[in-house]
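Enquirer: Going down the list, the sequences are from chains L and Z. In this text, residue positions in the first sequence follow this note's numbering: the first is 468, and each later residue adds one. In this text, residue positions in the second sequence follow this note's numbering: the first is 6, and each later residue adds one. C-beta atoms are modelled at their ideal positions from N, C-alpha and C, and glycine is treated no differently. So that we are looking at the same thing, I have put the structure below in C-alpha cells.
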Amino acid sequence: MREPTAAEMPDWPDEIFAALKAARIHQVGYVPDAGHARLIELCRDDPEIRTVPLTTEEEGVALAAGAWLGGQRAALLMQSSGVGNCINMLSLTKTCRFPLVMLVAMRGEWAEFNPWQVPMGSRTQAALELCDVLVYRVERPEEAAETVASGLEIAFNGDLATAVLLSQRLIGAKRWVK
Amino acid sequence: MISNDRRLDRRGAMRTLLENRGDLLLVTGLGSTTWDAAAVGDDDRNFYLWGAMGAAAMIGLGLAIARPDRRVLVVTGDGEMLMGLGALATIGVQRPPNLALAVFDNGHYGETGMQASHTAESVELVAVARACGFRETFDIIDEIGLRDFGDRVHNAPTTLFARIVIRTDEPPRVLPPRDGVLLKTRFRRAIGVE
Chain L
468 MREPTAAEMP
478 DWPDEIFAAL
488 KAARIHQVGY
498 VPDAGHARLI
508 ELCRDDPEIR
518 TVPLTTEEEG
528 VALAAGAWLG
538 GQRAALLMQS
548 SGVGNCINML
558 SLTKTCRFPL
568 VMLVAMRGEW
578 AEFNPWQVPM
588 GSRTQAALEL
598 CDVLVYRVER
608 PEEAAETVAS
618 GLEIAFNGDL
628 ATAVLLSQRL
638 IGAKRWVK
Chain Z
6 MISNDRRLDR
16 RGAMRTLLEN
26 RGDLLLVTGL
36 GSTTWDAAAV
46 GDDDRNFYLW
56 GAMGAAAMIG
66 LGLAIARPDR
76 RVLVVTGDGE
86 MLMGLGALAT
96 IGVQRPPNLA
106 LAVFDNGHYG
116 ETGMQASHTA
126 ESVELVAVAR
136 ACGFRETFDI
146 IDEIGLRDFG
156 DRVHNAPTTL
166 FARIVIRTDE
176 PPRVLPPRDG
186 VLLKTRFRRA
196 IGVE
C-alpha cells in the first residue's frame with residue numbers, strides 16, 4: 468500500500484491542532500493512538516508545546532492538574548481504552564474542579580476487527596458521564612475543530628472536565644490486512 | 006516513647022526538607038505525607054492530596070513544566086509511589102531541572118493498617134528511578150544525607166529522586182484543609198496565576 472499523498476491526508480487533525488493553539492495549550496500528554504498520529508506529530512513539532520508521552524492515561528489527568536496549578540493549560544490525547552484507566556484519577560479533577568480536556572480516538576464501535584476493543588469502546592461515553600465529564604462526539608471531519616474548540620472553551624471557562632470523542636467512523640477503521 | 010530505632014522520624018524529615026524553603030512549591034501524596042506537611046505548618050504553596058492515589062509525582066511534573074522559574078518538591082509515600090510507578094518512567098524521560106521527588110519509605114501502607122508494601126520485600130525504588138533515567142538519585146538513611154538532598158532540591162540541574170528511609174510509626178494526624186477547590190485556588194493565588 469502506498470502512502471497517502473498530501474492532498475489525500477485528512478485536514479481535521481491540523482484543524483484540531485489549530486484549535487489547541489488558539490486555546491493556548493502548552494502541555495499535551497498522550498498515550499499514542501493511530502487516530503491521533505498526525506496530531507501528536509504536530510504537537511511534537513511545535514516549540515511552544517511540551518509533549519509528554521505517558522505510560523498510562525491516568526498520569527495525564529494528574530499532569531493536567533499540575534499544569535493548571537502552575538498556570539498552564541494542558542490537553543490529553545488517548546484512545547477509548549485509556550478512558551477506563553482514568554476513572555479514579557478523575558476524582559482529582561472533580562474534587563478540585565480542575566479544567567480538563569480529553570481528546571479520545573474511538574475504537575470498538577465502527578467496523579471493529581478486534582473484539583477486545585469493544586467492551587471499553589462501547590462504554591467510553593457512559594463511563595465518562597458517570598464521572599461527570601461532559602462528552603461531545605465528532606462524526607464528520609468538518610465538525611472536528613469546532614467541537615474541540617467548544618470543549619476547550621467550556622473546560623477552561625468553567626473549570627470543568629470535557630471529552631471530545633473522535634468517532635471511529637471519522638478516523639477510519641484500523642486496517643488489519645495490508 | 007523512647008525507641009532504639011535509628012531510622013529517620015517522618016515529621017522531622019519533612020521539617021528538614023521545608024527548612025528555609027524559600028519559594029519552594031510542595032506537592033504531597035495521599036496520605037501520611039500530607040499530614041506530615043500540615044504538621045510542619047500549613048502553607049498556601051502546599052498542594053495536598055487527600056485522594057487520587059498515584060497522582061503526586063505527575064502533578065509535580067505538570068507543575069514543574071508550567072513553572073520553570075520555581076523549584077517543585079513532591080513528597081509522597083512508598084505505597085503512593087508504587088501505585089503510580091509508571092510516572093517514574095514518564096518523568097525519567099522529561100527530567101525538568103526544577104523538579105525533585107522524595108519518597109518517605111517505611112515499607113508499609115500506614116493509612117490502612119500497616120500492611121507491608123512491595124518495598125518491604127524486593128522492590129528498590131532508587132534502582133527503579135535510575136533505570137528510568139534519573140541521573141541524580143539519593144538513598145537517604147540519616148540526617149546528613151537528608152540535609153544534603155534538601156540543599157540539592159534548591160539548586161540541582163536535573164530532576165532528583167530520593168528514597169528516604171523512615172521509621173514505621175504513626176504520629177498523630179494533623180489535617181490540612183480538605184476542600185480541593187480551596188487548595189487549588191489558594192495555591193494558584195500564592196504563585197500569581199489566579
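Could you check where the beta strand (DSSP E) with Pro608/L kicks off and where it finishes?
Expert: Taking the first sequence and counting its residues from 1, the one referred to as residue 608/L is at position 141. First-last for Pro608/L: Pro608 to Gly625, but that is the alpha helix (DSSP H), not the beta strand (DSSP E).
Enquirer: Output the boundary residues of the beta strand (DSSP E) element that contains Ala542/L.
Expert: As a working note, residue 542/L is residue 75 in the first sequence. Run containing Ala542/L: Arg540 to Gln546, per the beta strand (DSSP E) assignment.
Enquirer: Tell me which same chain residues have a C-beta within less than 6 angstroms of the C-beta of Leu106/Z, skipping the five on either side of it?
Expert: Walking along the second sequence from the start, residue 106/Z turns up at place 101. Cβ within range, chain order: Ala62, Val79 and Phe166.
Enquirer: Do the segment 55 to 70 of chain Z and the segment 7 to 25 of chain Z make contact, defined as three or more Cβ pairs closer than 8 angstroms?
Expert: No contact exists between the segment 55 to 70 of chain Z and the segment 7 to 25 of chain Z.
Enquirer: Which stretch, first to last residue, makes up the alpha helix (DSSP H) that contains Arg15/Z?
Expert: Residue numbering aside, residue 15/Z sits at position 10 when the second sequence is read from its first letter. Segment Arg15 to Leu23, the alpha helix (DSSP H) holding Arg15/Z.
Enquirer: Nearest chain Z C-beta to Phe565/L closer than 8 angstroms, yes or no?
Expert: Taking the first sequence and counting its residues from 1, the one referred to as residue 565/L is at position 98. Yes, because at least one Cβ of chain Z sits closer than 8 angstroms to the Cβ of Phe565/L.
Enquirer: Does Ser127/Z pass the burial test, meaning 16 or more other C-beta atoms within 10 Å, or should it be called exposed?
Expert: Here residue 127/Z refers to the residue found at position 122 when the second sequence is read from its first residue. So Ser127/Z counts as exposed.
Enquirer: Relative to the C-alpha of Val519/L, which candidate in Gln99/Z, Asn51/Z and Ala42/Z has its C-alpha closest?
Expert: For the purposes of this step, residue 519/L is identified with residue 52 of the first sequence, where counting begins at 1. Ranking Gln99/Z, Asn51/Z and Ala42/Z by Cα distance to Val519/L puts Gln99/Z first.
Enquirer: Given a cut-off of 8 angstroms, decide if Val631/L and Ala600/L are closer than it, judged by their beta-carbon atoms.
Expert: Translated into positions along the first sequence, residue 600/L becomes position 133. Translated into positions along the first sequence, residue 631/L becomes position 164. First, the amino acid is wrong: residue 600/L is Val here, not Ala. Taking 8 angstroms as the Cβ cut-off, Val600/L and Val631/L do not qualify as a contacting pair.
Enquirer: Does the separation of the CB atoms of Ile96/Z and Ala532/L fall below 8 angstroms?
Expert: Stepping through the second sequence from its first residue, residue 96/Z is reached at position 91. Stepping through the first sequence from its first residue, residue 532/L is reached at position 65. It is not a contact, given that the beta carbons lie outside the stated cut-off.
Enquirer: Starting from Asn160/Z, trace the alpha helix (DSSP H) in both directions and tell me its first and last residue.
Expert: The count along the second sequence starts at 1 and reaches residue 160/Z at position 155. First-last of the alpha helix (DSSP H) with Asn160/Z: Glu148 to Asn160.
Enquirer: Is the separation between the beta-carbon of Ser558/L and that of Glu576/L shorter than 8 angstroms?
Expert: One-based indexing of the first sequence puts residue 558/L at position 91. One-based indexing of the first sequence puts residue 576/L at position 109. No. Outside cutoff.
Enquirer: Around the C-beta of Gln539/L, are 16 or more other C-beta atoms found within 10 angstroms, so that it is buried, or is it exposed?
Expert: Within the first sequence, the letter at position 72 stands for residue 539/L. With 16 or more Cβ atoms within 10 Å of its Cβ, Gln539/L is classed as buried.
Enquirer: Less than 6 angstroms between C-beta atoms, sequence neighbours within five positions excluded: which residues of the same chain meet that for Val131/Z?
Expert: Position 126 of the second sequence, counted from the start, is the residue given in the question as residue 131/Z. Around Val131/Z: Thr142, Asp144 and Arg168.
Enquirer: Looking at C-alpha atoms only, which residue of Gly618/L, Asp626/L, Glu620/L and Glu610/L is the closest neighbour of Ser634/L?
Expert: Counting from 1 along the first sequence, the entry for residue 634/L is found at position 167. Out of Gly618/L, Asp626/L, Glu620/L and Glu610/L, Glu610/L has the C-alpha closest to the C-alpha of Ser634/L.
Enquirer: Kindly list the residues whose CB is nearer than 8 angstroms to the CB of Gly155/Z, restricted to its own chain and excluding five residues on each side of it in sequence; keep chain order.
Expert: Residue mapping note: residue 155/Z aligns to position 150 of the second sequence, counting from 1. So the qualifying residues of the chain are Thr21, Leu22 and Glu24.
Enquirer: Between the Cα of Val602/L and those of Met587/L, Pro499/L, Ile507/L and Leu627/L, spot the shortest distance and give me the residue it belongs to.
Expert: Indexing the first sequence from 1 puts residue 602/L at position 135. Minimum Cα distance to Val602/L is reached at Leu627/L.
Enquirer: If contact means a Cβ-Cβ distance below 9 angstroms, which residues of the segment 52 to 63 of chain Z contact chain L?
Expert: For the segment 52 to 63 of chain Z, which is checked against every Cβ of chain L, the residues closer than 9 angstroms are Phe52, Leu54, Trp55, Gly56, Ala57, Met58, Gly59, Ala60, Ala61, Ala62 and Met63.
Enquirer: Count the other C-beta atoms from every protein chain shown that fall within 10 angstroms of the C-beta of Gln546/L, then say buried if there are 16 or more, exposed otherwise.
Expert: Here residue 546/L corresponds to residue number 79 of the first sequence, with the count starting at 1. Gln546/L should be labelled buried.
Enquirer: Looking at the structure shown, is Leu597/L part of a helix, part of a strand, or coil, going by DSSP?
Expert: The residue given as residue 597/L occupies position 130 in the first sequence. Looking at Leu597/L - three-state DSSP - the assignment turns out to be helix.
Enquirer: If you compare alpha carbons, which of Cys553/L, Asp481/L, Pro514/L and Glu524/L is closest to Leu506/L?
Expert: Position 39 of the first sequence, counting from 1, holds the residue named residue 506/L. Minimum Cα distance to Leu506/L is reached at Asp481/L.
Enquirer: For the candidate residues Ala572/L, Leu544/L and Val528/L, whose alpha-carbon lies nearest to that of Ile554/L?
Expert: Looking up residue 554/L in the first sequence gives position 87. Of the listed residues, the one whose Cα sits closest to Ile554/L is Val528/L.
Enquirer: In chain order, which continuous runs of the beta strand (DSSP E) of length 3 or greater are located wholly inside the segment 545 to 588 of chain L?
Expert: Counting only runs of 3 or more, we get 567 to 572.
Enquirer: Using the three-state DSSP reduction, which class does Arg50/Z fall into: helix, strand or coil?
Expert: Locating residue 50/Z in the second sequence gives position 45, where the first residue counts as 1. Coil, per DSSP.
Enquirer: Hey, which unbroken runs of the alpha helix (DSSP H) at 4 residues or more fall wholly within the segment 79 to 155 of chain Z?
Expert: Fully enclosed alpha helix (DSSP H) runs of 4 or longer: 83 to 88, 91 to 99 and 130 to 136.
Enquirer: Take the Cβ of Asp153/Z as the centre, count every other Cβ of all protein chains shown within 10 Å, and call the residue buried at 16 or more, exposed below.
Expert: Numbered from its first residue, the second sequence carries residue 153/Z at position 148. Label assigned to Asp153/Z: exposed.
Enquirer: Alpha carbon to alpha carbon, how far is Tyr53/Z from Leu487/L? Give it in angstroms, no decimals.
Expert: Counting from one through the first sequence, the residue named residue 487/L turns up at place 20. Counting from one through the second sequence, the residue named residue 53/Z turns up at place 48. Leu487/L and Tyr53/Z: Cα-Cα distance of roughly 30 angstroms.
Enquirer: Give me the Cα-Cα distance between Val77/Z and Gly496/L, rounded to the nearest whole angstrom.
Expert: In the second sequence, counting from the first residue as 1, residue 77/Z sits at position 72. In the first sequence, counting from the first residue as 1, residue 496/L sits at position 29. So the two alpha carbons sit approximately 19 angstroms from each other.
Enquirer: Just to make sure I have the definition right: I need the residues of chain L whose C-beta is within less than 9 angstroms of the C-beta of Val186/Z. Which are they?
Expert: Locating residue 186/Z in the second sequence gives position 181, where the first residue counts as 1. Simply Thr562, Cys563, Arg564 and Asp626.
Enquirer: Would you call Asp500/L buried or exposed, if buried means 16 or more other Cβ atoms sit within 10 Å of its Cβ?
Expert: For the purposes of this step, residue 500/L is taken as residue 33 along the first sequence, with counting starting at 1. Result: buried.
Enquirer: Cα separation between His123/Z and Ala490/L?
Expert: The residue labelled residue 123/Z in the question sits at position 118 within the second sequence. The residue labelled residue 490/L in the question sits at position 23 within the first sequence. Approximately 43 angstroms, taken between the alpha carbons.
Enquirer: Would you kindly report the start and end of the unbroken beta strand (DSSP E) that includes Ile169/Z?
Expert: In the second sequence, counting from the first residue as 1, residue 169/Z sits at position 164. Run containing Ile169/Z: Leu165 to Val170, per the beta strand (DSSP E) assignment.
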